[in-house]
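Working notes, beginning with the structure itself.
Written out as structure tokens, the structure reads:
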């Protein structure tokens, strides 16, 4: 670079400075402009001060600032968690959280234990409080009277959303061990996927879908209590299933394919590796073979924690197998079978044939078929293991409760 208006000594000094730290971008253009014009010292000072002000404004503008999804900017509330090794984790609403949802008895527990097996992910048991919170918020929003009362009290939409987001992060972050990726499995949160996607702009969603006939049979036989479901009537439960999954499917579609992935339970069971590769790729999580052997990590330190009150716990202690796929066949009343296409049109939407009885879900991978054979041959072994694991879980909870009382 040459500056003809400078003395030989000034040129040499300038050349040395620029060769040691070459100017870039805005700085380079400024110095070129200043020296090219040969301006006096006073003007140089004015330009220099102006340049510094521009740089300060640029740095402030470039600084990461998180806008709330509903307008305005504010600092993000940090949620601090310390693990057993005294490592500190900090979470906020910009975390790439994972939400697993769908109808109960549709494979949500299987999906979460497979993800829980991954060293970078922690889902944990159902919190049970998040769907209730989201439902309560939905009722407030629907009622104009209640909405007006909240606004009159200063509880604006922005205040409410910030509080709900903070509550969700606090619950999800602290109801289990910390991890790089936090995950939540509360089936009915999928009915609020659009709202959650706005609260958590980097979150992703898995919608678990299962043949509604199998889902309803499992709900009825396992006596899974769901508000509004008449557990004595297949027709009523299938009708309610159809209504619920319609809402969830619409929510997933509105969130969009880049953030919500629909996973068929049957295909996850038949082809676990293919589908876990798809799921992990969708979630931007590296592959790890351990997700195919979740049963080895059940209730182990740093492994997968099961709840003694969740209906699927006795099933997911086993390796992935086919025993639950077609248990519904022959159990549904004939009049309901004949009218299935009208009762549950979402079956066809999800790709199931409402007239197929029994259905053909496809052929399983060989190692899954082998697992199924072993599980059948070792039925008593797996029954005993289930009882032992759940008993150990109950004893651990009793010790924890005693410790809490002792501390108090």
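Residue numbers (my numbering): 1215 to 1622. Using N, Cα and C, we set each Cβ at its ideal position, and we do this for glycine too.
Alpha carbon to alpha carbon, how far is residue 1429 from residue 1436? Give it in angstroms, no decimals. 11 Å
Suppose you measure from the CA of residue 1301 to the CA of residue 1334; what does that come to, to the nearest Å? When rounded, the distance between both Cα atoms is 15 Å.
CB-CB under 6 Å to residue 1406, same chain, minus the five flanking residues each way: which ones, in chain order? Only 1348 meet the Cβ criterion.
Boundaries of the beta strand (DSSP E) in which residue 1316 is found, first to last residue: From DSSP, the beta strand (DSSP E) with residue 1316 extends over 1312-1316.
Are residue 1427 and residue 1479 touching if we call contact CB-CB under 7 Å? It is not a contact, given that the beta carbons lie outside the stated cut-off.
Between the C-alpha atoms of residue 1470 and residue 1411, what's the straight-line distance to the nearest angstrom? 10 Å
Skipping 5 residues on each side, what residues in its chain have a beta carbon closer than 8 Å to that of residue 1676? Because the chain here runs from 1215 to 1622, residue 1676 falls outside it and cannot be looked at.
Leaving out the 5 sequence neighbours to the left and right, which residues in its chain are closer than 7 Å to residue 1403 when beta-carbon positions are compared? 1313, 1315, 1344, 1345, 1348, 1410
Can you name the start and end residues of the alpha helix (DSSP H) that residue 1463 belongs to? Run containing residue 1463: 1448-1469, per the alpha helix (DSSP H) assignment.
Hey, how far is the Cα of residue 1588 from the Cα of residue 1377? 49 Å
Spatial neighbours of residue 1386 within its chain, please: C-beta separation below 6 Å, excluding the five flanking residues on both sides. 1396, 1398
Per DSSP, the bridge partner or partners of residue 1337: The partner list for residue 1337 (beta bridge, DSSP) is empty, contrary to what the question assumes.
Using the C-alpha atoms, what's the distance from residue 1576 back to residue 1552? If you take the alpha carbons of residue 1552 and residue 1576, they lie about 23 Å apart.
Taking residue 1432 and residue 1319 to be in contact with their CB atoms under 8 Å, please state how far apart those CB atoms are, rounded to whole angstroms. 4 Å
Going by C-alpha to C-alpha distance, which of 1490, 1546, 1498 sits closest to residue 1472? 1498
By Cβ distance, which residues of its chain are closer than 7 Å to residue 1290, with the 5 residues on each side in sequence left out? 1280, 1306, 1307, 1308
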